[in-house]
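Residue numbers (my numbering), protein chains in the order written: chain A, 1404 to 1652; chain B, 1404 to 1652. Even for Gly, the Cβ is constructed at its ideal location relative to N, Cα and C.
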DNA sequence: AAGTGGTCTAGACCACTCT
DNA sequence: GAGTGGTCTAGACCACTTT
């Protein structure tokens, strides 16, 4: 019954992995040091190289060591780190609602970042953008769920013509049209008092609380190409996520 | 130079993995079907079993198949899913600020969930809790960064005595004292108007916008044992996270 | 009993890194 | 050139699931 029993009955490579992990956590092999070579470990424990490599693979998967050809096996952590993770499988899933909503009333502007805008977006002045300001509404087009303003690098200004038909996030539209792959998203959530102009469009009293979400999307080069700000009326929206424990192995 | 070239020069197991992945995406092996057995694949491609298994391991890691002893290799996806993930390595990291802040002015209450509270927390009426209401302040004890109310399953009421000394999240205190391991966290973020009582404690005008974060912590049995609500004054707080692309393999 | 994947051995050659 | 990890073979036994 008990799977705790890692000593007997367990495969040799697991026992070996456990033994090495224990040595590491005892400080026998400090972080940064090299483990003995595979041949050494084979002789030391009288196991075949397959078994030793399987054990080392296990240690690699739990994040205790890295392995490099020509160098050796380096200890990079003394304890398996317990990780929690939130995982999504598409960009649209980030905006949980995006697939069921559309953008309406777009206003397009061509802007060049001055000092102020550059500082706000975290870029350098002089960068050219297509600025899209719009409302996001549900299928029934009743009350809008968000006001949104997007600064999109001018190279991708071509999304403009496809925007009306597209339901979902703009990032995924860019991916589709330009074969650009998003590799990192940074998201900041804060609370704000909705200013008068936005309040009117969202049909809420000015100054009422709103959830502000700022997202930047970066491509394969790591450079952000899209900066999106959404303001959601307080009671009409919340952002949920679940973080699950990721077992080491 | 080009690493795109997966055909020649690449190890056989990678070529094989690619070939099988192609077959799967072409629909030759639909989702839910079984791949040929390892021996079959060996004969079919004239590779050793090691090479075949290494290829299948690769497919498993990319999430295309699962393998079970006695059953076979089952196709579970036709395309490698592109995942984005947010990963943290400790509970305290979730509350990015928690390690530099402390709770003050605790008020403890023993409460039993009535219909209303049970509905709010998503539990069943009759469950017993220790309710902790407190303010979270920075090191200099100037303006508080949050008002917080926690409902903690009564079994863990013993944290009460250790709370004053503890900086960081309450969840990690429970983990330490009771050897309980948190395995899942659910977090919901919304904007709210700060009510009068809380506003006074936070030293902001009543009705001003606040960021409300609700978190539930579940243990190894998957049952939530802690329900925490924090309200942060709008301008004094934001929640950031980065989602990175997790390459398949 | 037959078939599957899981573990394991002994031995080989290769690509890489360092000196 | 010596040592490292990466790839690969041929063969074996075992644990598990289904028939």
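Going by DSSP, name the residue or residues bridged to residue 1593 of chain A. Within the first chain, residue 1593 of chain A is the residue found at index 190, counting from 1. DSSP, once it has assigned bridges, lists A/1615 and B/1641 as partnering residue 1593 of chain A.
Give me, in chain order, the residues of the same chain whose beta-carbon lies closer than 6 Å to that of residue 1630 of chain A; leave out the 5 immediate sequence neighbours on both sides. The count along the first chain starts at 1 and reaches residue 1630 of chain A at position 227. Closer than 6 Å at Cβ, skipping near neighbours: 1524, 1554 and 1619.
Other residues of its chain near residue 1645 of chain A: CB distance less than 8 Å, five sequence neighbours each side excluded: Translated into positions along the first chain, residue 1645 of chain A becomes position 242. 1489.
What number of angstroms, rounded off, separates the C-alpha of residue 1621 of chain B from the C-alpha of residue 1521 of chain A? Along the second chain, one-based indexing puts residue 1621 of chain B at 218. Along the first chain, one-based indexing puts residue 1521 of chain A at 118. Whole-angstrom Cα-Cα distance: 42 Å.
Between residue 1418 of chain A and residue 1428 of chain A, what straight-line distance do the alpha-carbon atoms span, to the nearest angstrom? Working through the first chain from its first residue, we reach residue 1418 of chain A at position 15. Working through the first chain from its first residue, we reach residue 1428 of chain A at position 25. Distance between the alpha carbons of residue 1418 of chain A and residue 1428 of chain A is about 15 Å.
Cα separation between residue 1601 of chain B and residue 1550 of chain B? Counted from its first residue, the second chain places residue 1601 of chain B at position 198. Counted from its first residue, the second chain places residue 1550 of chain B at position 147. Distance between the alpha carbons of residue 1601 of chain B and residue 1550 of chain B: 7 Å.
Please name the residue, chosen from A/1534, A/1423, A/1493 and A/1473, that lies closest to residue 1482 of chain A on a Cα-to-Cα basis. To locate residue 1482 of chain A, count along the first chain from 1; it is residue 79. When each option's Cα is compared against that of residue 1482 of chain A, the closest is A/1423.
Nonlocal neighbours in the same chain, by C-beta distance under 6 Å from residue 1404 of chain B, ignoring five residues either side: Translated into positions along the second chain, residue 1404 of chain B becomes position 1. Reliability of the predicted coordinates at residue 1404 of chain B is poor, the pLDDT of 37 falling under 50, and no value is obtained from them.
Please report the distance separating the alpha-carbon of residue 1507 of chain B from that of residue 1615 of chain B. What you label residue 1507 of chain B is simply residue 104 of the second chain in a count that begins at 1. What you label residue 1615 of chain B is simply residue 212 of the second chain in a count that begins at 1. Spanning the two alpha carbons is a distance of roughly 19 Å.
Residue 1590 of chain B versus chain A: which residues are under 8 Å apart at the beta carbon? Working through the second chain from its first residue, we reach residue 1590 of chain B at position 187. Near residue 1590 of chain B (Cβ distances below 8 Å), the residues of chain A are 1643, 1644, 1645 and 1646.
Helix, strand or coil, according to DSSP, for residue 1653 of chain A in the structure here? Nothing about residue 1653 of chain A can be reported from this structure: the residues present for chain A run from 1404 to 1652 only.
Start and end residues, alpha helix (DSSP H) containing residue 1605 of chain B: Here the question's residue 1605 of chain B lines up with position 202 in the second chain. Segment 1599 to 1605, the alpha helix (DSSP H) holding residue 1605 of chain B.
Can you list the residues of chain A that residue 1486 of chain B reaches, using a CB-CB cut of under 8 Å? For the purposes of this step, residue 1486 of chain B is taken as the residue at position 83 of the second chain. Chain-order list of chain A residues neighbouring residue 1486 of chain B: 1490, 1491 and 1492, by C-beta distance under 8 Å.
In chain B, what lies closer than 8 Å to residue 1586 of chain A by C-beta? Looking up residue 1586 of chain A in the first chain gives position 183. What residue 1586 of chain A touches in chain B: 1647 and 1648.
Would you say residue 1481 of chain A lies against chain B (beta-carbon separation less than 8 Å)? Against the first chain, residue 1481 of chain A aligns to sequence position 78. Residue-level contact check: residue 1481 of chain A does not touch chain B, since none of the beta carbons of chain B fall below 8 Å from its beta carbon.
Beta carbon of residue 1596 of chain A, beta carbon of residue 1637 of chain B: below 8 Å? In the first chain, counting from the first residue as 1, residue 1596 of chain A sits at position 193. In the second chain, counting from the first residue as 1, residue 1637 of chain B sits at position 234. By the CB criterion at 8 Å, residue 1596 of chain A and residue 1637 of chain B fall inside the cutoff.
Take the Cβ of residue 1642 of chain B as the centre, count every other Cβ of all protein chains shown within 10 Å, and call the residue buried at 16 or more, exposed below. The count along the second chain starts at 1 and reaches residue 1642 of chain B at position 239. Classification for residue 1642 of chain B: buried.
Could you check the C-alpha separation between residue 1575 of chain A and residue 1494 of chain A for me, to the nearest Å? Within the first chain, residue 1575 of chain A is the residue found at index 172, counting from 1. Within the first chain, residue 1494 of chain A is the residue found at index 91, counting from 1. Roughly 6 Å separates the two Cα atoms.
For a contact meaning CB atoms closer than 8 Å, what does residue 1614 of chain A contact in chain B? Along the first chain, one-based indexing puts residue 1614 of chain A at 211. Within chain B, the residues near residue 1614 of chain A are 1592, 1593, 1594 and 1614.
For the candidate residues B/1546, B/1548, B/1535 and B/1584, whose alpha-carbon lies nearest to that of residue 1561 of chain B? The residue you call residue 1561 of chain B lines up with position 158 of the second chain. Taking only the C-alpha atoms, the option nearest residue 1561 of chain B is B/1535.
Just the C-alpha distance for residue 1439 of chain B and residue 1412 of chain A, rounded to the nearest angstrom, thanks. Looking up residue 1439 of chain B in the second chain gives position 36. Looking up residue 1412 of chain A in the first chain gives position 9. Their Cα atoms are separated by approximately 30 Å.
Against chain B, does residue 1412 of chain A count as a neighbour if the rule is that its beta carbon must be under 8 Å from one of theirs? Taking the first chain and counting its residues from 1, one reaches residue 1412 of chain A at position 9. Output row for residue 1412 of chain A: interface = no.
Assuming the contact rule is C-beta atoms closer than 8 Å, residue 1492 of chain B and residue 1484 of chain A should be a hit. Round their C-beta distance to whole Å, please. By 1-based counting over the second chain, the position of residue 1492 of chain B is 89. By 1-based counting over the first chain, the position of residue 1484 of chain A is 81. Indeed, because the Cβ distance is near 5 Å, the residues count as touching under 8 Å.
N- and C-terminal bounds of the beta strand (DSSP E) containing residue 1412 of chain B: For this step, residue 1412 of chain B is matched to residue 9 along the second chain. For residue 1412 of chain B, no beta strand (DSSP E) segment is defined, and its DSSP state is neither H nor E.
Between residue 1620 of chain B and the ligand SAH, is there a pair consisting of the residue's CB and a ligand heavy atom that are separated by less than 7 Å? Of the ligands one can find in the structure shown there are none, so the ligand SAH has no counterpart to examine.
So residue 1455 of chain B packs on residue 1462 of chain B, CB below 8 Å; how close in whole Å? Locating residue 1455 of chain B in the second chain gives position 52, counting from the first residue. Locating residue 1462 of chain B in the second chain gives position 59, counting from the first residue. That belief does not hold up - the Cβ atoms of residue 1455 of chain B and residue 1462 of chain B are roughly 11 Å apart, past 8 Å.
Note down, in chain order, all residues in the region 1546 to 1573 of chain A with a beta-carbon under 7 Å from any beta-carbon belonging to chain B. none
Report the three-state DSSP secondary structure of residue 1485 of chain A (helix, strand or coil). For the purposes of this step, residue 1485 of chain A is taken as the residue at position 82 of the first chain. Here residue 1485 of chain A sits in coil by DSSP.
Interface flag, residue 1637 of chain A vs chain B, CB-CB below 8 Å: Walking along the first chain from the start, residue 1637 of chain A turns up at place 234. Closer than 8 Å: yes.
Taking a Cβ distance cut-off of 8 Å, strictly less, list which residues of the region 1438 to 1452 of chain B are near chain A, in chain order. Cβ contacts with chain A: none found.
Classify residue 1574 of chain A as helix, strand or coil using the three-state DSSP reduction. The residue labelled residue 1574 of chain A in the question sits at position 171 within the first chain. Taken through DSSP and simplified to helix, strand or coil, residue 1574 of chain A comes out as helix.
Test item: CB-CB of residue 1478 of chain A and residue 1505 of chain A under 8 Å: By one-based count along the first chain, residue 1478 of chain A stands at place 75. By one-based count along the first chain, residue 1505 of chain A stands at place 102. Not in contact: residue 1478 of chain A and residue 1505 of chain A (Cβ atoms no closer than 8 Å).
For residue 1548 of chain B, which of helix, strand or coil comes out of DSSP? Reading the second chain from its first residue, position 145 is the one you call residue 1548 of chain B. Residue 1548 of chain B falls in the coil class under three-state DSSP.
Among the residues of its own chain, which have a CB less than 7 Å from the CB of residue 1623 of chain A, if the five just before and after it don't count? Reading the first chain from its first residue, position 220 is the one you call residue 1623 of chain A. If we look at residue 1623 of chain A and ignore the five residues flanking it on each side, its Cβ neighbours are 1584 and 1586.
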